[in-house]
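Have a look at the structure below before the remarks.
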Amino acid sequence: MSAVFAIAEKNGIRVLINNKIAAVSQSLMNKQFQKAWSELLSPFLRRPKRLQVAALCYKQANDTDDKEILLVTSRDTGRWIIPKGWPIDGKNASEAALQEAWEEAGVRKGTVMGKALGLYNYDKELKGGLPVAVETLVFSVKVNEMRDDYPEASQRERKWVSPAEAANMVQEPQLQDMLRSL
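Residues in the sequence shown are numbered consecutively from 1, following the UniProt record's numbering.
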């Protein structure tokens with residue numbers, strides 16, 4: 001039985017390589033790649049989820065017990081969302097959610113109704129196209145006063161809808177469940 005050889009060239013030097021040696025070399029390279037992937041690359045790409053805070057703003061509908069939910073459009077995609085954003089230095093989570101409600105939806109005065117209502121997860125695409133896993137902490141906010149002139153008024157639409165309609169308009173399944181439970 002004859003051995004199969006191949007010629008490889010590196011830095012202008014031709015080397016005769018036995019196929020068995022090449023297979024072993026390839027196997028070692030695969031193991032090195034797998035080790036690099038599991039120890040370095042994979043953990044980097046699976047970073048911990050980042051936290052955002054959100055305000056699920058509501059008002060009573062026409063002196064009834066029914067609630068209406070305030071949705072706004074996202075600036076980048078135009079999809080319907082609740083006001084949300086990154087935590088703000090110097091503010092606790094509920095205060096930051098109220099700040100987002102003002103900036104994105106014009107809620108000038110609102111009352112946070114207790115502790116966080118719940119969480120939902122989504123992937124946010126940052127500049128450059130890299131998706132980041134985000135965990136969003138949702139606070140229920142009773143709207144006391146709205147303004148038409150607010151920081152992002154020219155960049156967003158806003159709309160009052162029933163909880164069921166809001167659940168059909170947003171994309172995040174966990175947020176849909178929260179809205180359906182109202």
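Heads up, the beta-carbon is just placed ideally off N, CA and C, and yes, glycines get one too. Quick caveat, the model's predicted, so the values are computed rather than measured.
By how many angstroms is the C-alpha of residue j removed from the C-alpha of residue i?
i	j	result
GLN99	ILE81	16 Å
ASP149	ARG156	12 Å
VAL107	LYS142	10 Å
LYS67	ALA167	13 Å
residue 200	GLY118	Any question about residue 200 goes unanswered here, given that the chain covers just 1 to 182.
GLN176	LEU137	14 Å
MET178	ASN121	12 Å
PHE139	GLY128	30 Å
ALA23	LEU71	With a pLDDT of 48 at ALA23, under the threshold of 50, the modelled position of this residue cannot be trusted, and the question is left open.
ALA55	ALA97	5 Å
ASN92	ASP65	30 Å
LYS49	GLN60	34 Å
GLN174	PRO163	14 Å
LYS115	GLY78	29 Å
ASP63	GLU165	19 Å
GLY110	PRO131	32 Å
MET169	VAL112	23 Å
GLU172	ARG158	18 Å
PRO151	GLU135	25 Å
Sort the options by Cα distance to residue i and report the nearest one.
i	options	result
THR73	LYS67, ASP65, PRO83 and ASP66	PRO83
LEU126	ASN144, GLU104, GLY106 and ASP76	ASP76
TRP160	ALA54, LYS49, TYR58 and GLN52	TYR58
LEU182	ILE69, LYS115 and LEU137	ILE69
ASP89	GLU172, ASN62, GLY110 and VAL53	VAL53
LEU51	ASP123, MET113, ALA61 and LEU130	ASP123
ALA101	ALA153, GLU135 and LYS115	ALA153
ALA105	THR64, ASN62, ASN144 and GLU165	ASN144
ALA133	GLY78, THR64 and TRP86	TRP86
ARG147	ALA164, ASN62 and GLU103	GLU103
Tell me the residue span of the alpha helix (DSSP H) that contains residue i.
i	result
ALA93	93 to 105
LEU179	173 to 180
GLU157	Unbroken run through GLU157: none, as it is neither H nor E.
PRO163	163 to 169
I need the boundaries of the beta strand (DSSP E) containing residue i, first residue and last residue.
i	result
MET146	131 to 146
LEU56	50 to 60
LEU73	It should be pointed out that residue 73 corresponds to Thr in this sequence rather than to Leu. Run containing THR73: 67 to 73, per the beta strand (DSSP E) assignment.
Spell out the partners DSSP gives residue i in its beta bridges.
i	result
LEU119	LEU137
LYS127	The partner list for LYS127 (beta bridge, DSSP) is empty, contrary to what the question assumes.
TRP80	THR73
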